[in-house]
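Below you'll find the structure, written out as structure tokens, and then a few comments.
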Amino acid sequence: MTGDIRALLARHLPGYRVETVTLSGEGLDNAAYEVNGDIMVRLRKAADPQTVQRETALLAAVRELSTLPVPEVLFADAESGVLVYRKLPGVPLHGNPVPDPSRLAEPLGRFLSVLHAAPVDEMRELAPPDLYPSATLLRDAELDYRDVESYVPAAQRPLVERFLAGSAPADPPVLTFCHNDLGSEHLLVDPATGEITGVLDWSDAAVTDPAHDFARIYRDLGPDVFDLVLSHYDGPLGEEDRTRVAFHARCALIEDLAYGLSTGPRQYADAALAALPRTFA
Numbered sequence: 001m002t003g004d005i006r007a008l009l010a011r012h013l014p015g016y017r018v019e020t021v022t023l024s025g026e027g028l029d030n031a032a033y034e035v036n037g038d039i040m041v042r043l044r045k046a047a048d049p050q051t052v053q054r055e056t057a058l059l060a061a062v063r064e065l066s067t068l069p070v071p072e073v074l075f076a077d078a079e080s081g082v083l084v085y086r087k088l089p090g091v092p093l094h095g096n097p098v099p100d101p102s103r104l105a106e107p108l109g110r111f112l113s114v115l116h117a118a119p120v121d122e123m124r125e126l127a128p129p130d131l132y133p134s135a136t137l138l139r140d141a142e143l144d145y146r147d148v149e150s151y152v153p154a155a156q157r158p159l160v161e162r163f164l165a166g167s168a169p170a171d172p173p174v175l176t177f178c179h180n181d182l183g184s185e186h187l188l189v190d191p192a193t194g195e196i197t198g199v200l201d202w203s204d205a206a207v208t209d210p211a212h213d214f215a216r217i218y219r220d221l222g223p224d225v226f227d228l229v230l231s232h233y234d235g236p237l238g239e240e241d242r243t244r245v246a247f248h249a250r251c252a253l254i255e256d257l258a259y260g261l262s263t264g265p266r267q268y269a270d271a272a273l274a275a276l277p278r279t280f281a
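Okay, so the sequence shown: first residue is 1 according to the UniProt record's numbering, each after it adds one.
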């Protein structure tokens with residue numbers, strides 16, 4: 001793979017000297033490599049030229065409206081499934097907790113206010129609708145939980161099982177443009193100042209329920225920080241919306257737990273178990 005990346009960069013960035021290539025992270029769809037500590041090469045595991053072209057255009061549009069830094073694309077090689085962008089400063093919040101997470105609330109609230117206010121008709125051309133029914137999501141969560149139930153402390157299992165035995169919330173009345181995977185692994189922070197330095201991985205961006213974006217904040221930063229984010233959010237978010245936020249946070253936690261205990265990094269499972277009591281309380 002290192003040789004392929006060197007050849008790719010030589011073709012698109014002639015004169016750029018490659019000294020180091022390091023695997024930075026890997027998910028279900030993509031693997032990311034850091035080159036020279038300077039640029040990132042994101043490679044789709046299954047080449048999909050149309051998706052790479054769409055993501056390139058999406059990132060350009062998001063950079064125009066975002067209040068937080070997002071990747072600047074240097075070039076895309078659609079046929080190879082490759083997107084290359086400048087590395088943003090900072091480290092992933094996932095695994096690098098900041099001393100005072102409440103300081104993240106104001107920039108996240110402003111960021112989501114602008115994101116969710118983007119013209120839906122225009123963004124729909126770049127971000128497909130995500131209309132996965134809540135009832136189906138709840139059934140998926142139950143199947144995932146049965147696979148990992150034995151890893152959940154016995155005292156905490158009733159919290160999860162009470163949730164799974166409940167009903168799914170109604171569909172959202174309004175859809176907005178969303179990052180749609182705004183977990184701590186996609187938020188970069190400066191470990192010295194605790195400030196957000198970037199938002200990564202827009203591959204799941206969609207026109208969907210705005211509760212999806214808040215749900216990852218609820219799961220990863222806790223209900224108290226979620227409430228603070230809302231105090232800086234300009235959009236409407238009523239009690240029914242809050243119910244959907246908690247619902248999606250709980251489904252996402254179970255998904256992360258199953259992922260971390262199967263094909264994903266173990267840290268996802270560890271983080272899910274640590275956040276379980278407050279997320280299902």
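For glycine and all other residues, C-beta sits at the position ideal for the given N, C-alpha and C. The structure displayed is predicted, hence computed values, not measured ones.
Residue i: CB within 8 angstroms of a non-hydrogen atom of the ligand ATP
| i | result |
| --- | --- |
| L108 | The model depicted lacks the ligand ATP and carries no ligand whatsoever. |
Helix, strand or coil at residue i according to DSSP, with G and I counted as helix
| i | result |
| --- | --- |
| P92 | strand |
| A117 | coil |
| residue 284 | Within the shown structure, residues of the chain are numbered from 1 to 281, placing residue 284 beyond reach of any answer. |
| E33 | Looking at the sequence itself, residue 33 is Tyr, so the reference to Glu does not match. Of the three classes helix, strand and coil, the one that applies to Y33 here is strand, per DSSP. |
| S24 | strand |
| P129 | strand |
| Y268 | helix |
| Y16 | coil |
| T56 | helix |
| A281 | coil |
| A76 | strand |
| R157 | helix |
| L83 | strand |
| G109 | helix |
| L43 | strand |
| L257 | helix |
| V229 | helix |
Rounded straight-line distance, which links the Cα of residue j to that of residue i
| i | j | result |
| --- | --- | --- |
| T243 | N36 | 45 angstroms |
| L65 | L59 | 10 angstroms |
| H186 | F75 | 21 angstroms |
| E106 | A10 | 42 angstroms |
| residue 336 | T208 | Nothing in the structure corresponds to residue 336, since the chain is present only between 1 and 281. |
| T67 | R110 | 7 angstroms |
| D181 | A215 | 9 angstroms |
| I254 | A272 | 7 angstroms |
| A32 | A127 | 21 angstroms |
| E142 | S134 | 12 angstroms |
| H248 | A205 | 16 angstroms |
| S24 | W202 | 17 angstroms |
| G264 | S231 | 34 angstroms |
| S150 | A281 | 20 angstroms |
| E79 | A7 | 15 angstroms |
| V225 | Y218 | 7 angstroms |
| E122 | E34 | 32 angstroms |
| T176 | G15 | 42 angstroms |
| I5 | L28 | 20 angstroms |
| K87 | S167 | 43 angstroms |
| R250 | V148 | 15 angstroms |
Per-residue burial, residue i [other beta carbons within 10 Å of its own, 16 or more giving buried]
| i | result |
| --- | --- |
| T279 | buried |
| A211 | buried |
| P129 | exposed |
| P89 | exposed |
| A46 | exposed |
| T2 | exposed |
| V98 | buried |
| T193 | exposed |
| D38 | exposed |
Minimum Cβ-Cβ distance from residue i to chain D less than 9 angstroms
| i | result |
| --- | --- |
| G27 | Absent from the structure is chain D; it holds one protein chain and no more. |
Distance between beta carbons of residue j and residue i, contact taken as under 8 angstroms
| i | j | result |
| --- | --- | --- |
| L83 | E55 | 6 angstroms |
| V70 | G198 | 7 angstroms |
| V21 | V91 | Rounded, the Cβ-Cβ distance is 19 angstroms, inconsistent with contact. |
| L104 | L221 | 7 angstroms |
| D227 | L112 | Not confirmed; about 14 angstroms, so no contact. |
| L108 | V18 | About 35 angstroms separates the two Cβ atoms, so there is no contact after all. |
When you compare the segment 162 to 173 with the segment 136 to 151, are there three or more beta-carbon pairs, one atom per stretch, that lie closer than 8 angstroms? Taking a cut-off of 8 angstroms on C-beta distances, the segment 162 to 173 touches the segment 136 to 151, as three or more cross pairs fall below it.
Below 8 angstroms, can you find three or more Cβ-Cβ pairs linking the segment 145 to 158 to the segment 181 to 199? As far as the Cβ criterion goes, the segment 145 to 158 does not touch the segment 181 to 199, which means the pair count is below three.
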